[in-house]
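Read in order, the letters of the sequence shown correspond to residues 6 to 242 in this note's numbering.
By construction, the Cβ of each residue, glycine as well, lies at the ideal position given by its N, Cα and C atoms.
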Amino acid sequence: MTSPGVTTTAQAAGHPGDAVTIRLATLDDLPAIVAISNHYALTTHANFAVEPESLESWRESWRTTHERFPWLVAVETPSSTHGPASSATTRPDEAFSSQSTDPSALRASPLLGFAKASPWKGRCAYNWTAETSVYLRPEAHGRGLGRALYSRLINLMRAQGWRTLLGGITQPNEASVRLHEACGFRKVAHLERVGWKFGRWWDVGYWELHLQGDPSGTMDDPPPGPIEPVKAAWRGP
6 MTSPGVTTTA QAAGHPGDAV TIRLATLDDL PAIVAISNHY ALTTHANFAV
56 EPESLESWRE SWRTTHERFP WLVAVETPSS THGPASSATT RPDEAFSSQS
106 TDPSALRASP LLGFAKASPW KGRCAYNWTA ETSVYLRPEA HGRGLGRALY
156 SRLINLMRAQ GWRTLLGGIT QPNEASVRLH EACGFRKVAH LERVGWKFGR
206 WWDVGYWELH LQGDPSGTMD DPPPGPIEPV KAAWRGP
């Protein structure tokens, strides 16, 4: 399936022969996206799911949200002189255990990570606010891809007219805190002992980013619209 625009290409840090393209996700990307998410659900406290989530549940989420809430992916394209991607990084089926995800979804996939937005609560007054998240394959950390994905997600959502983004971070998670604060988020809430996983309670902090300046006074702007009208004019940093 061909990706619909919003494409940015950059050199992969630490892999000078490889280009990384950040683009809108498609249905074809979902098996790898789900495999990455399930890895974190089953092996870390960063994701509060406690069992693998189905591909079909993610397909339904994508179908109902992707026209308005962006889903971005980072995809690696090895150069002809660099050789296969697996020669430069850990093999996907070695980095992901068979207990945490389906290795076949990642074995031949060049997808390195994803960032997405989702609704923040269901009441209409929240129509200008969204929750954001970003996940990378374990072997893709340390290459600046998390910030690249998040920066492009933020810029696209600003162009759409979103006003406030919220990121929830299970504590402790210093890497995620650094990423959010590097992208302009600031901590606004700390919820104590709200999640039970791995035999203990976990706190969750919330980081907030305002996209449209001073939110005070009247607000006549309509809720953010679909991605389609703004994607042609959008450019990543």
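Buried or exposed: where does residue i fall if 16 or more other Cβ atoms within 10 Å of its Cβ makes it buried?
{"i": "residue 68", "result": "exposed"}
{"i": "residue 158", "result": "buried"}
{"i": "residue 82", "result": "exposed"}
{"i": "residue 74", "result": "buried"}
{"i": "residue 231", "result": "exposed"}
{"i": "residue 34", "result": "buried"}
Note down the Cα distance separating residue i from residue j, rounded to an integer number of angstroms.
{"i": "residue 119", "j": "residue 225", "result": "33 Å"}
{"i": "residue 1", "j": "residue 152", "result": "In the structure as shown, the chain starts at 6 and stops at 242, and residue 1 therefore has no counterpart that could be examined."}
{"i": "residue 127", "j": "residue 38", "result": "24 Å"}
{"i": "residue 162", "j": "residue 201", "result": "32 Å"}
{"i": "residue 154", "j": "residue 180", "result": "15 Å"}
{"i": "residue 233", "j": "residue 72", "result": "7 Å"}
{"i": "residue 42", "j": "residue 186", "result": "22 Å"}
{"i": "residue 45", "j": "residue 66", "result": "18 Å"}
Could you have a look at residue i and say whether DSSP puts it in helix, strand or coil?
{"i": "residue 167", "result": "coil"}
{"i": "residue 151", "result": "helix"}
{"i": "residue 225", "result": "coil"}
{"i": "residue 124", "result": "strand"}
{"i": "residue 38", "result": "helix"}
{"i": "residue 50", "result": "coil"}
Write down the C-beta distance between residue i and residue j rounded to the nearest angstrom, noting that I regard them as a contact closer than 8 Å.
{"i": "residue 117", "j": "residue 145", "result": "4 Å"}
Whether or not the region 160 to 175 and the region 194 to 214 are in contact is what I'm after, with contact meaning three or more pairs of Cβ atoms, one per stretch, closer than 8 Å; do they touch? Short answer: they touch.
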